[in-house]
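Presented below is the structure to which this report refers.
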Amino acid sequence: MAIQPEVRAPQSDRDESGAVPVDEQTLLVLGASGDLTARLLLPGIAGLLAAGGAPGLSLVGSGTDDWDDEHWRERVRTSFSAADQAEDVQRVARETRYLRADVTRPDDLRRLLDACRGRVVVYFALPPAVTAKASGALAEIGVPDGTRLVLEKPFGTDAAAAARLNELLARLVPEDRVHRVDHFLGKSTVLNILGLRFANRIFEPLLSNEHVACVDVVFDESLGLESRAGYYDGAGALADMIQSHLLQVLGLLAMEAPPTITALELRDRKAQVLRATRLWDDDVATSSRRARYTAGEVDGKRLPAYADEAGVDPARGTETLAEVVLAVDTWRWAGVPFRLRSGKALAATRKEAVITFARPQHLPEGLLGYRRPDRLRIGFGPDRLNLDLNINGPDDPFVIDPVTLGADFGPGDLPPYGQVLRAVLDDDPMLSVRGDTAEECWRIVEPVRDAWRGGGVPLLEYPAGSTGPADSLLDGSPARPGEVNPVFAESP
Ligand code: BG6
């Protein structure tokens, strides 16, 4: 394959010294007519523009749909409508252009790049297979200096595919200019894990196998499939949520303290801890569970069974709920189960990371009524921090009462996609998933996925609007350090 990575920006975009002006950039969205662009990307751009975070930004949309500029602008205006209508927001909506293109063809891509002004940010809002083809086509024509590539999750479909995609991208731009998006890394409460852990001395000394019994990262949604069968039926909860978002949260919760909050240090620490992460006991049968919803009612709304949703192939056996228990084999975390769970169409949303502390080493005789361990709960919506503590009760002072100390975060100043995009436009890869980490996250879930595909773990069912199938891996009482968690002890 002919590779000419040194394609230069058009002459008109250069200043006197020949450099591309940094204050002008174009976000070129491949897959502009898709659902992801409308639902998440465009509102993120609008939030960023409204906050004054992207002056000089132009937007070019491209897709296979036969749209004209006006149709696209209407789509953009609709997605921008919730944002403050600042001048930049209106300008971008007014001036944006749409070009129909087949992004797997080099000639079409060249035409798209020629339509961009200033430095180019290519956003692949495409399924993994098309992203891989489009990257191959780009590698044939090269990209202008300074181009950044932004890739949606899932990044590849397994570790081998992610490695191949990484190799392809490395031929186009340096790693620091590849932004693998995980919008959870733009959530203010997820980022606040850094402040919570490293900007005070209260919790960090306790965060180890000496004091922590288990860590749960839970993302239960009441939303069902939401007409996303085209994507979701090929992904399932394991790839959609655990391989990406929840492992990133685990990385931030479990990593060692970075000396500085920079892309290099943060991503190194995260990569280190994820390299040490594997399935608990390497046992898929006892450390993973999968299920899919049947018909039911959520929030007063009737949902059909997942298997009956339009576009779903029931024979694929795609799971809408996944649970895995992971071990982090480091000095700090050895023996502490990390339990990750995400499900759709559940009775209630529950989106939080919970650090459950071990029982006190010795509960003095005479202090009565100990019922549950202390917990630090980091909510990802509502964005709230809770510390569940055992203290002496207000009534009988010798009976323990649980209290909760809480703080509300409120939404961040930018929506998560806006936060992530700001970093991309600032050329800062800190919030992007590094190539080696993307592969590592596939490596962690692959034994589970393979066993599920091979039928090694039954596909359970739960009615939409329920709390999920009984006997969740999260239901067992957490192990105390050095003890076997009953959940695992009972397993065959
Ligand atoms: C997306 C998943 O990445 O994250 C969805 O594809 C999920 O299935 C969503 O619903 C949850 O993120 P949030 O925080 O935007 O609700």
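For the sequence shown, the numbering used here assigns the number 3 to the initial residue and increments by one for each residue that follows. Here a beta-carbon is modelled for each residue, glycine too, at the ideal position from N, C-alpha and C.
Identity of the residues DSSP links to alanine 355 by a beta bridge: Beta-bridge analysis with DSSP links alanine 355 to Val219 and Ile380.
C-beta contact flag for phenylalanine 340 and valine 220 at 7 angstroms: Taking C-beta atoms as the reference points, phenylalanine 340 and valine 220 fail to come closer than 7 angstroms.
Proline 396 burial status per 10 Å Cβ neighbour count (16 or more: buried): Flag for proline 396 reads exposed.
Alanine 164 vs glutamate 441 beta-carbon contact at 7 angstroms: Yes, these two residues count as a Cβ contact at 7 angstroms.
Helix, strand or coil at glutamate 492 according to DSSP, with G and I counted as helix: Only weak support is given to the placement of glutamate 492: the predicted model assigns it a pLDDT of 33, under 50, and the value that follows is read from those uncertain coordinates. DSSP places glutamate 492 outside both helix and strand once states are collapsed to three, so it counts as coil.
Any non-hydrogen atom of the ligand BG6 within 6 angstroms of aspartate 2 CB: For the chain, the structure presents residues 3 to 494; residue 2 sits outside this window and is missing.
Per-residue DSSP class, three states only, for phenylalanine 340: Of the three classes helix, strand and coil, the one that applies to phenylalanine 340 here is strand, per DSSP.
For leucine 389, the residue or residues it bridges with in DSSP: Bridge partners of leucine 389 according to DSSP: Leu378 and Leu407.
Cβ shell of aspartate 301 (< 7 angstroms), same chain only, five flanking positions each side left out: Short of 7 angstroms from the beta carbon of aspartate 301, and not among the five residues preceding or following it, lie these beta carbons of its own chain, in chain order: Ser224.
Given leucine 276 as reference, the closest of Ala329, Gln421, Gly337 and His73 once Cα atoms are compared: Minimum Cα distance to leucine 276 is reached at Ala329.
Contact between the stretch 83-92 and the stretch 46-65 (3+ Cβ pairs under 8 angstroms): In short, these stretches touch, since the Cβ pair count reaches three.
Beta-carbon proximity check, valine 31 vs tyrosine 100, cutoff 7 angstroms: Their beta carbons are not under 7 angstroms apart, which means valine 31 does not touch tyrosine 100 by this criterion.
Which of helix, strand or coil DSSP assigns to proline 207: Looking at proline 207 - three-state DSSP - the assignment turns out to be helix.
Delimiting residues of the beta strand (DSSP E) encompassing phenylalanine 186: Phenylalanine 186 -> no beta strand (DSSP E), and no H or E assigned at all.
Under the three-state DSSP convention, the category asparagine 202 falls into: In the three-state reduction of the DSSP assignment, asparagine 202 falls in the coil class, being assigned neither a helical nor a strand state.
Rounded distance between the beta-carbons of threonine 320 and lysine 346, thought under 8 angstroms: In fact, because the Cβ distance is near 11 angstroms, the residues do not count as touching under 8 angstroms.
Beta-bridge pairing of glutamate 299 - partner residues as DSSP gives them: Arg304.
The ligand BG6 heavy atom lying under 6 angstroms from the CB of aspartate 242: Taking non-hydrogen atoms of the ligand BG6 into account, the C-beta of aspartate 242 is found less than 6 angstroms away from one of them.
Among Tyr233, Val426, Leu391 and Val286, nearest to aspartate 315 - alpha-carbon criterion: Restricting attention to Tyr233, Val426, Leu391 and Val286, the CA atom closest to the CA of aspartate 315 is found in Tyr233.
Leucine 227 versus glycine 313 - alpha carbon distance: Distance between the alpha carbons of leucine 227 and glycine 313 is about 10 angstroms.
Buried or exposed (CB count within 10 angstroms, at least 16 for buried), glutamate 354: Residue burial annotation: glutamate 354 is buried, with at least 16 other C-beta atoms found within 10 angstroms of its C-beta.
Outcome for proline 431 when other beta-carbon atoms lying within 10 angstroms are tallied against a minimum of 16: It is buried - the Cβ of proline 431 has at least 16 other Cβ atoms within 10 Å.
Rounded separation between proline 418 and phenylalanine 82 - CA only: About 15 angstroms.
Residues bridged to threonine 279 (per DSSP): Looking at the DSSP assignment, threonine 279 forms a beta bridge with Val330.
Closest Cα partner of arginine 436 within the set Ala317, Asp331, Asp283 and Gln274: Nearest C-alpha to arginine 436: Gln274.
Pick from Gly470, Leu255 and Glu26 that is closest to alanine 350, judged by C-alpha positions: Distances from the CA of alanine 350 to each of Gly470, Leu255 and Glu26 were compared; the closest alpha carbon is that of Gly470.
Nearest-angstrom beta carbon gap, leucine 167 and alanine 131 [assumed within contact, 8 angstroms]: For alanine 131 against leucine 167, the beta-carbon gap comes to about 10 angstroms, at or over 8 angstroms, which does not count as contact.
Presumed contact (8 angstroms Cβ cut-off) between threonine 191 and cysteine 118, rounded CB distance: Not really, about 35 angstroms apart at Cβ, beyond 8 angstroms.
7 angstroms Cβ cutoff met for alanine 56 and leucine 416: Contact check for alanine 56 against leucine 416 fails: the beta carbons are separated by 7 angstroms or more.
Span of the beta strand (DSSP E), counted from its first residue to its last, around tyrosine 234: Taken as a continuous stretch (DSSP letters only), tyrosine 234 belongs to no beta strand (DSSP E), being part of the alpha helix (DSSP H) at 231-239.
N-terminal and C-terminal residue of the alpha helix (DSSP H) that proline 130 is part of: Membership of proline 130 in the alpha helix (DSSP H) is indicated by the continuous run 130-143.
Under the three-state DSSP convention, the category isoleucine 446 falls into: Shown here, isoleucine 446 sits in a helix according to DSSP, grouped into three states.
Identity of the residue in Ala127, Pro449 and Gln363 nearest aspartate 285 by Cα: Checked all of Ala127, Pro449 and Gln363; the closest Cα to aspartate 285 is Pro449.
Residue closest to leucine 378, alpha-carbon to alpha-carbon, out of Glu154, Gly408 and Ala172: Ranking the options by Cα distance to leucine 378, first place goes to Gly408.
Neighbourhood of alanine 336 by C-beta distance below 7 angstroms, restricted to the same chain and skipping five residues each side: Short of 7 angstroms from the beta carbon of alanine 336, and not among the five residues preceding or following it, lie these beta carbons of its own chain, in chain order: Asn211.
Simplified DSSP state of arginine 150, which is helix, strand or coil: In the structure shown, arginine 150 sits in a strand (DSSP, three-state: E or B).
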